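K.L.:
Residue numbers (my numbering): 20 to 107.
1. Given this structure, state the Cα-to-Cα distance separating residue 78 from residue 66, to the nearest angstrom.
2. In three-state DSSP terms, what is residue 74?
3. Just verifying my parser: in three-state terms, what is the DSSP assignment at residue 68?
4. Could you tell me the distance, in whole angstroms, from the CA atom of residue 85 to the CA atom of residue 76?
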């Protein structure tokens with residue numbers, strides 16, 4: 020896939036980036052066989068075994084065990100008090 024992206028980047032004609040040379044009436048041509056040559060079915064059919072809820076639970080446990088939960092609670096309380104003092 021990276022080879023395909025590099026092929027696209029290196030095959031771009033930089034003179035097309037000039038706003039004066041843009042012709043909206045002409046259709047954009049893209050050769051679909053270039054895409055087919057660079058894509059493989061392995062890339063499309065990958066499977067991932069991820070436990071999103073388990074990852075969130077591990078992150079929350081680390082947040083609580085490190086004591087950052089107390090810093091968050093204190094920050095919310097102090098922020099609310101500061102907002103109520105400066106809001107009047």
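Just so it is clear, CB atoms sit at the ideal spot from N, CA and C, and this is done for glycine as well.
Remember, predicted model here, so these are calculated numbers, not experimental data.
P.N.:
From the atom records:
1. Residue numbering aside, residue 78 sits at position 59 when the chain shown is read from its first letter. Residue numbering aside, residue 66 sits at position 47 when the chain shown is read from its first letter. The straight-line gap from Cα to Cα measures roughly 23 Å.
2. Taking the first residue of the chain shown as position 1, residue 74 is located at position 55. It is helical.
3. Position 49 of the chain shown holds residue 68. DSSP, read as helix, strand or coil, puts residue 68 in coil.
4. Locating residue 85 in the chain shown gives position 66, where the first residue counts as 1. Locating residue 76 in the chain shown gives position 57, where the first residue counts as 1. In a straight line, the C-alpha of residue 85 is about 14 Å away from that of residue 76.
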